[in-house]
Ligand SMILES: [Zn+2]
């Protein structure tokens, strides 16, 4: 059975298997500096209080997590979970293959917790939340207050024990076969802000290996999301 659902003015979509969980809702949650849409895909039970957010790419030259988010969209969502998948919060950087957005701001240094002026490759912007991509992520997180947020980066090949629930982060690492590490908490980083703003939730970084992710690995990382989401 194929379902087509209309949600507001947005074209919504798809899929098939006869369960409400198979309905995918498409939301445009913001625009990049050059006007590219920032798309969030919602699956599962929209009424569930347990929100889980997965972001495939925030540094445009670290896009391997998009293979995980694509794969995640084709798996059944655990009952009682409202899953939000954002393939990329940085479509301009992704298009250009750059870490930062279209004016070179590192979005993962542009958040309000301990924001500091940084230059160069880690340019943190004129002030916290100076960039439209950051503001769209900030607004979405404040709206959802996710129980779990997973942010994919590259290419350190570790799960960063990021300051949320370390048991959860370690469990994810074990499921995907990565080691854990406690990386430096840079000023203005997204997960540090998130873990401080919403201490009941857990936001963490997964550093994938360098290069594209092979399909079996993408499936492993996606399945592990659904395991810890329960
Ligand atoms: Zn990164």
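In the working numbering, the protein residues as written are -14 to 215.
Quick reminder that beta carbons are idealized off the backbone N, C-alpha and C, glycines included.
Note that this is a predicted model, so its numbers are computed, not measured.
According to the DSSP secondary-structure assignment, residue 165 is paired through a beta bridge with 144. Exclusion of residue 112 from the 7 Å shell around ligand 1 follows from its C-beta lying no nearer than that to any non-hydrogen atom of the ligand. Residue 51 is not a Cβ neighbour of residue 65, given a cutoff of 8 Å.
If you draw a 10 Å sphere on the C-beta of residue 49, you find 16 or more other C-beta atoms in it, and that means buried. A check of alpha carbon separations from residue 25 across 85, 124, 139, 114 identifies 124 as the nearest. In the DSSP assignment, residue 138 falls within the beta strand (DSSP E) that extends over 133 to 139. By the criterion of a C-beta distance shorter than 6 Å, residue 67 is surrounded in its chain by 29, 30, 31, 33, 36, once the five residues flanking it on both sides are discounted. DSSP assignment within the segment 51 to 116 yields the following whole beta strand (DSSP E) runs of 3 residues or more, N-terminal first: 66 to 71. Taking the Cβ atoms as the reference, residue 179 lies roughly 6 Å from residue 134, within the contact range of under 8 Å. Any heavy atom of ligand 1 within less than 5 Å of a residue's beta carbon puts that residue on the list, which reads 44, 47, 138. Burial is judged here by how many other beta carbons sit within 10 angstroms of a residue's own beta carbon; residue 102 has fewer than 16 and is exposed. Contact check for residue 89 against residue 107 fails: the beta carbons are separated by 8 Å or more.
Rounded to the nearest whole angstrom, the CA to CA distance from residue 98 to residue 175 is 8 Å. Following the DSSP letters along the chain, one finds residue 201 inside the alpha helix (DSSP H) bounded by residues 200 to 214. Rounded to whole angstroms, the separation of the alpha carbons of residue 187 and residue 85 is 25 Å. Using a C-beta cut-off of 8 Å, the segment 11 to 26 makes contact with the segment 71 to 81, since at least three inter-stretch Cβ pairs fall below that distance. Residue environment for residue 127: exposed (fewer than 16 other C-beta atoms within 10 angstroms of its C-beta).
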